[in-house]
Amino acid sequence: MDKKQTFSLWYVFGALFLITLLQDFIGTRHTLTLTYSEFKQAVAGGQLQDLVIADGLATGTLAAEGLERVLPKEQVDRLKASSGEHRFATVLIDDPGLVPALDAAKVRYGSVRESKWLATLLSWVAPALVFFGIWWLLMKRMGGAGGAGGLMSIGKSKAKVYMQQETGVSFKDVAGIDEAREELMEVVEFLRSPERYKRLGGKIPKGVLIVGAPGTGKTLLAKAVAGEAGVPFLSLSGSEFVEMFVGVGAARVRDLFEQAAAKAPCIVFIDELDALGKARGLGLTGGHEEHEQTLNQLLVEMDGFDTSRRGVIIMAATNRPEILDPALLRPGRFDRHVSIDKPDMKGRRQILDVHVKGVKLASGVDLDSIAARTPGFAGADLANLVNEATLRAAKQGKDAVDMHDFEQALDRIVAGLEKRNRVMNPEERRFVAYHEAGHALVAEHRASADRVAKVSIIPRGIAALGYTQQSPTEDRYLLRRSELLDRLDVLLGGRVAEELVFNDISTGAANDLQRATDMARHMVAQYGMSETLGLATWETQPRSAFLAVPGTPQQRDCSERTAEAIDDEVRRLLEQARSRVTATLNAHRDQLEALAQRLLEKEVVDRRMLDELLAGPAKGQAALRPLSDITAP
Ligand code: ADP
Ligand code: ZN
């Protein structure tokens, strides 16, 4: 829409330019400019037919014949060259003899009151327009997305509200979020027949807040609600309310609600509510007047909105509910909360099903195994995975997408693009190889650790120099102490291998150590897993996500002495793990060497090769999860 406006403005500029040109053109093309003396000669010679005097300028027509007698030759030629009447113009000088001479020559002469509208237009309106235009363009620049509506529409959110009469999305397009669907069914029922609901006196939620990590399908779900109810879907992003001018955001909110009322029944969806609904007086923009006004306006509009009468449901999405202003969450505002978690294995399978619907799959494609290999993937990641695999297959001219395409796509998405062009020096490669072999071997020699699926020393992404992938057999919600200890061991495996082999250590283990320390600290301070400190917990997590104040570090409500004891205990856990790992790796030093050598040779060691190398029994089923990356400093 702003594109069109830009165009029309350029039209205006263009037209003005043309008018100016034309003026010049008409003014000069057919008119001969005479000097005053030439003019006087023409008068005296009887060559003048008529004359109009205006504002010190005389214009008129010359007779066709006999001009040669009174005018120089080139003037005559020029006059002849122009078709039509022989017009001329001359600038008058103060000459009392002019009128008698004209009378004597019997010339028809007169004067006009000059109409100056065009001159006025050009000299006054045009510059004004130009300045206006420049200003408008500047505003547009500065305002970014916000000012895109142009000057006229500041305060109008019309340019930003995306309206879909039909979203074309239904609940069956949203997989793996059955609970959220249940919750929203009520909203759908209400939108389908608001009158019936009202008659029965049902209490309808006014605002529904969807909470979930990015890509978990919050927008999709809101669209599905609109689609199921068959009502229009108005959406815009919270960040678009935030403007450089005080009061604009508030005006936008007002306008949004006006539009919604006109479209009712409908759904208004505000994405990134946190951008607009940040707690007042918090964070960097704390006390920012514009922001506060916008938020207040939203609260006012929501309070004043009679949902049951109008049939408008406000939905909003955020992935940071903890920073929202508590006022937004009070009854009568966003009082209904629906949270979407990242999908579990079953959910991932269902989401994959949705996305492979239009894709031709080769017979060997095992979606269950892909679902098993993608813990932590959100819906958007899975959609991306399918898309990537399809693109790969298409690029290679295949008829169907096969498992290999999925593997490749998975590799790429899991660990970032392969960076073969990044050259490590041989010594670095050896470090990385032993480091990863250390992780892998410890995992192999721990009963409850996930089975290793793949070890690689191909640098990936920006910082990862190598990685070991483990295959969890299932999603875990509960971990036993022994399992946590095993994980601790696996995390330390890389570092301990470096120590043993090189008698030296590298910076590559920083991330491993960080994770190991976090895990140990959680065991001590949260899970009550330390003998010396007992069952008490010390690190209080925010009681409710909504009550937490962002930016404040986790409060540790314990004495200095306890804090010290926790630190000691964490250190002790890590030291114990280290000696366990050292023992394991020493006992299987031959395997460590073999695996590291194989890695240096092949860069990647998969499950089959690992089995060959270790000649050990296989445990569990294969699936991938990035366990550890050795990171660049
Ligand atoms: P969010 O708003 O939570 O960031 P979106 O709703 O924009 O996420 O999701 C992005 C895309 O990911 C969707 O268009 C859809 O293709 C896919 N997607 C996400 N969650 C699901 C799901 N549960 N079922 C099917 N597809 C999903
Ligand atoms: Zn590591």
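Its first residue numbered 1325, the sequence shown is counted upward by one per residue in this note's numbering.
Built from N, CA and C at the ideal position, the CB exists for glycine as well.
Predicted model only: the values in this text are computed from it and were never measured.
Within the same chain, and ignoring the five residues on either side of glycine 1635 in sequence, the residues whose Cβ sits closer than 7 Å to its Cβ are Leu1515, Pro1518, Ala1588, Pro1589. Between the C-alpha atoms of leucine 1706 and phenylalanine 1730 there is a straight-line separation of about 11 Å. When DSSP states are grouped into helix, strand and coil, tyrosine 1433 belongs to the strand group. For tyrosine 1521, the uninterrupted alpha helix (DSSP H) segment begins and ends at 1518-1523. For tryptophan 1334 and tryptophan 1448, the gap between their C-alpha atoms comes out near 19 Å.
Proximity of the beta carbon of aspartate 1813 to ligand 2 is not indicated: no heavy atom of the ligand is located closer than 7 Å. A straight line joining the alpha-carbon of arginine 1753 with that of leucine 1789 spans about 9 Å. Residue state for histidine 1410 is assigned as coil, using DSSP reduced to three classes.
Of the other Cβ atoms in all chains shown, 16 or more fall within 10 Å of the Cβ of leucine 1356; this residue is therefore buried.
Going by DSSP, tyrosine 1851 is part of no alpha helix (DSSP H) at all; its letter is neither H nor E. As the crow flies, the alpha-carbon of leucine 1622 is around 8 Å from that of arginine 1578.
Around the beta carbon of arginine 1804, fewer than 16 other beta carbons sit within 10 angstroms, so the residue counts as exposed.
Taking every protein chain shown into account, the CB of tyrosine 1486 has fewer than 16 other CB atoms within 10 angstroms, so this residue is exposed. In this structure, the straight-line span from the alpha carbon of aspartate 1842 to that of valine 1894 is close to 9 Å.
In summary, leucine 1372 is buried, with 16 or more beta-carbon neighbours lying within 10 Å of its beta-carbon over all protein chains present.
Judged by the Cβ position, threonine 1714 fails to qualify as a neighbour of ligand 1 at the 7 Å threshold, every heavy atom of the ligand being at least this far. Less than 8 Å separates the beta-carbon of alanine 1761 from that of valine 1779. With a beta-carbon spacing of about 5 Å, phenylalanine 1593 and methionine 1639 fall inside the 8 Å limit used to define contacts. A Cβ-Cβ distance of about 5 Å is found for the pair isoleucine 1534 and alanine 1641, placing them in contact under the 8 Å criterion. Taking every protein chain shown into account, the CB of serine 1903 has fewer than 16 other CB atoms within 10 angstroms, so this residue is exposed. With a threshold of 16 other beta carbon atoms within 10 Å, methionine 1847 meets it and is buried. For valine 1928, the closest of Lys1684, Tyr1791, Phe1701 by C-alpha to C-alpha distance is Tyr1791.
By the 16-neighbour rule on beta-carbons within 10 angstroms, aspartate 1649 is buried. In this structure, leucine 1391 places its C-beta atom within 8 Å of the C-beta atom of leucine 1403. Spanning the alpha carbons of glycine 1434 and lysine 1397 requires a straight line of approximately 29 Å. In the structure shown, aspartate 1930 falls within a strand segment according to DSSP collapsed to helix, strand and coil.
Residue state for threonine 1385 is assigned as strand, using DSSP reduced to three classes. When the Cα atoms are used, glutamate 1768 and isoleucine 1890 turn out to be separated by approximately 30 Å. The residue from Thr1831, Glu1925, Ala1920 with its alpha-carbon nearest to that of tyrosine 1758 is Ala1920. The DSSP-derived three-state label of valine 1689 is coil. Rounded to the nearest angstrom, the gap between the Cα atoms of aspartate 1418 and isoleucine 1377 is 13 Å. Ligand 2 has a heavy atom closer than 7 Å to the beta-carbon of histidine 1763. By the neighbour-count criterion, in which a residue is buried when 16 or more other Cβ atoms sit within 10 angstroms of its Cβ, aspartate 1690 is exposed. In the displayed model, glutamine 1621 falls within a helix according to three-state DSSP. Going by C-alpha positions, asparagine 1708 is about 10 Å away from glycine 1539. 8 Å or more divides the Cβ of leucine 1676 from the Cβ of valine 1725.
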